[in-house]
Amino acid sequence: MKFKPLKDRVFVSYSEEAEKTQGGLYIPDAAKEKPQKGKVEGIGDEVKSLKVGEIVLFDKYSGSKITMEGTEYLILKEEDILGVLTA
Amino acid sequence: MKFKPLKDRVFVSYSEEAEKTQGGLYIPDAAKEKPQKGKVEGIGDEVKSLKVGEIVLFDKYSGSKITMEGTEYLILKEEDILGVLTA
Amino acid sequence: MKFKPLKDRVFVSYSEEAEKTQGGLYIPDAAKEKPQKGKVEGIGDEVKSLKVGEIVLFDKYSGSKITMEGTEYLILKEEDILGVLTA
Amino acid sequence: MKFKPLKDRVFVSYSEEAEKTQGGLYIPDAAKEKPQKGKVEGIGDEVKSLKVGEIVLFDKYSGSKITMEGTEYLILKEEDILGVLTA
Amino acid sequence: MKFKPLKDRVFVSYSEEAEKTQGGLYIPDAAKEKPQKGKVEGIGDEVKSLKVGEIVLFDKYSGSKITMEGTEYLILKEEDILGVLTA
Amino acid sequence: MKFKPLKDRVFVSYSEEAEKTQGGLYIPDAAKEKPQKGKVEGIGDEVKSLKVGEIVLFDKYSGSKITMEGTEYLILKEEDILGVLTA
Amino acid sequence: MKFKPLKDRVFVSYSEEAEKTQGGLYIPDAAKEKPQKGKVEGIGDEVKSLKVGEIVLFDKYSGSKITMEGTEYLILKEEDILGVLTA
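Residue numbers (full-length UniProt numbering), protein chains in the order written: chain A, 1 to 87; chain B, 1 to 87; chain C, 1 to 87; chain D, 1 to 87; chain E, 1 to 87; chain F, 1 to 87; chain G, 1 to 87.
This is the structure:
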């Protein structure tokens with residue numbers, strides 16, 4: 001079973017391992033419990049600026065949280081995505 | 001007697017059995033009393049991104065609740081629908 | 001004397017007898033005092049999705065209430081109408 | 001001296017005698033102190049749905065109140081007018 | 001030195017003498033301290049519905065108050081002007 | 001080092017000496033601490049209604065305050081400018 | 001690893017050394033802890049009024065703060081940028 005976001009929605013998984021990358025970008029301590037980083041797992045038909053697989057940053061408290069097989073996911077609006085981390 | 005949603009409204013029934021699917025997607029415990037998942041029973045003329053019969057996710061507290069023959073229904077706006085679950 | 005709603009307004013009477021129909025759709029108990037169902041008695045010139053005589057559902061607390069010859073009426077906006085009940 | 005409403009404004013006098021008409025439409029008791037009914041005395045250039053002389057209903061608390069020769073007037077926006085009473 | 005309002009702004013002086021006119025229109029007692037009537041002294045380039053010299057009504061608490069040679073002026077937006085008093 | 005406002009921003013210095021001009025326009029006493037008058041020092045590319053060097057009035061509490069070589073400046077939006085003082 | 005802002009987002013680093021420039025522009029004392037000045041490190045595709053490397057001013061409390069290799073960054077919207085400091 002899969003989830004297909006509607007319209008301008010973005011489906012994002014939390015990628016815990018991304019939190020200590022070689023590039024050194026990390027979330028500030030105070031925000032550790034509520035990560036702001038994730039991996040795009042699916043996008044709605046109106047989403048033009050993102051691709052599945054990209055690592056994105058987004059504001060804490062954005063989106064709707066759901067859980068699937070023990071992993072936390074967020075469904076965000078494209079406008080809540082701040083940008084993309086590239087290697 | 002049937003209900004035809006107006007314009008951008010979506011008529012959704014709660015499908016309790018969908019809550020423990022093979023795919024493992026489920027609503028977090030804290031949200032159990034107010035499910036976020038349902039089946040599209042009818043759509044307004046302006047709804048283009050959904051079809052009757054699809055299983056959808058939506059934010060808790062969205063929409064207007066009505067009851068028909070013991071089943072709970074919600075009347076949501078299309079923009080309150082987060083996405084579609086597909087097999 | 002008649003009432004002609006302006007623009008996108010809808011003039012609705014409460015049809016109490018509609019509350020126990022053969023189809024079984026009814027308003028939940030907690031909402032009984034403030035019915036959400038009514039009959040369209042008049043529509044403004046901008047209302048395209050409704051006809052006089054249709055039975056409609058609308059959110060509690062929507063609209064402006066007036067009384068005429070002992071019957072309660074509501075003047076709603078078309079966007080407050082959730083949908084139409086059909087036989 | 002006369003008052004010419006600007007743009008989408010509607011100039012309305014309270015017509016107390018209209019409150020007990022042959023048709024029986026009246027304002028509910030609780031609203032008696034703040035009538036919701038009036039007569040259009042003037043309209044702004046952008047007002048297309050109303051004519052001077054028409055009896056209109058409007059929401060309590062809408063508009064700006066002024067007094068002229070002992071009569072109370074309201075200056076409303078066209079969108080605050082709910083509809084027209086016709087004979 | 002003169003003041004030229006920008007865009008949709010209207011520059012208004014309080015005309016106290018206008019408050020007891022032959023036509024009898026006056027501001028209700030409770031509002032006496034904060035007059036709602038004034039004379040248009042200047043208009044911005046986007047103001048199309050008013051001319052300099054016209055007597056206008058406006059909502060109490062609208063606009064920005066300034067003082068010049070002992071006279072109080074208001075700088076309002078055109079949309080805060082309710083209408084024009086004509087002889 | 002200079003400051004170039006972006007888009008619809010206006011860069012304004014407080015011109016204290018302008019406060020007691022021959023024309024007599026002045027800010028009311030209560031507002032003396034927070035002058036509402038200034039001189040346009042720079043404008044963004046989208047600002048069409050103002051020129052550098054003009055004396056403008058603006059609402060107290062509008063804009064963002066910065067300090068440069070002991071002078072206070074404000075960065076306002078064009079829409080916060082009420083008008084221009086001309087000789 | 002790099003960060004690419006999305007759409008109208010601007011990625012800004014705090015340039016502490018910029019705070020005491022030859023031009024003398026500086027942030028007022030009360031705002032010292034939360035600088036309002038930074039250097040553009042990246043821009044989204046919709047940002048037309050800024051270039052990477054420019055020194056910009058922005059309102060305190062604007063944007064989302066992240067930390068990378070000990071430096072604080074902000075992700076702002078283009079509309080939160082007040083202007084550019086030029087030599």
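Note that beta-carbon positions come from the ideal geometry of N, C-alpha and C, so glycine has one too.
Assuming the contact rule is C-beta atoms closer than 8 Å, residue i and residue j should be a hit. Round their C-beta distance to whole Å, please.
i	j	result
A/VAL47	G/LEU6	Going by Cβ atoms, the distance from A/VAL47 to G/LEU6 rounds to 11 Å, so no, they are not a contact pair.
B/GLY38	B/VAL56	6 Å
A/LEU74	A/GLY63	4 Å
Please report the distance separating the alpha-carbon of residue i from that of residue j.
i	j	result
B/THR71	F/ILE81	58 Å
B/ASP29	G/LYS60	Residue placement at B/ASP29 is flagged as unreliable, the pLDDT there being 44, under the threshold of 50; the coordinate-derived value follows with that caveat. Straight-line Cα distance between these residues: approximately 39 Å.
A/PRO35	A/TYR14	With a pLDDT of only 45 at A/PRO35, under the threshold of 50, the placement of this residue in the model should not be trusted; the figure read from the coordinates follows. Using only the alpha carbons, I get a separation of about 7 Å.
F/ILE27	E/THR67	Any answer about F/ILE27 is weak, because its pLDDT of 47 lies below 50 and its placement is not dependable; what the coordinates show is given next. Whole-angstrom Cα-Cα distance: 6 Å.
C/PHE11	B/ASP8	21 Å
C/LEU76	C/GLY44	10 Å
E/GLU79	F/LYS4	32 Å
G/PHE54	F/LYS65	Note that residue 54 of chain G corresponds to Glu in the displayed sequence, not to Phe. Spanning the two alpha carbons is a distance of roughly 20 Å.
F/ALA87	G/VAL52	42 Å
B/GLU69	C/PHE58	19 Å
B/VAL40	F/VAL40	58 Å
B/LYS2	A/LYS2	31 Å
Which residues of chain F have a Cβ atom closer than 8 Å to the Cβ of residue i, listed in chain order?
i	result
G/ILE81	LEU6
List the residues of chain E that residue i touches, going by C-beta distances under 8 Å, in chain order.
i	result
D/ILE75	LEU57, LEU82 and GLY83
Which residues bound the beta strand (DSSP E) around residue i?
i	result
G/SER64	64-68
C/GLU78	No beta strand (DSSP E) contains C/GLU78, which DSSP labels as neither H nor E.
G/GLY38	37-43
G/SER13	9-13
A/LYS4	2-5
F/LEU57	55-58
So with CB distances below 9 Å, who are the chain B contacts of residue i?
i	result
A/LYS51	Those do not exist, as A/LYS51 stays about 17 Å from chain B at its closest Cβ, beyond 9 Å.
Can you list the residues of chain C that residue i reaches, using a CB-CB cut of under 9 Å?
i	result
D/THR86	MET1, LYS2, PHE3 and LYS4
Chain C partners of residue i, CB-CB under 8 Å?
i	result
B/ILE43	Within 8 Å Cβ-Cβ: nothing; B/ILE43 doesn't reach chain C, min ~10 Å.
Residue i versus chain A: which residues are under 9 Å apart at the beta carbon?
i	result
G/SER64	GLN36, LEU57, PHE58, ASP59, LYS60 and LEU82
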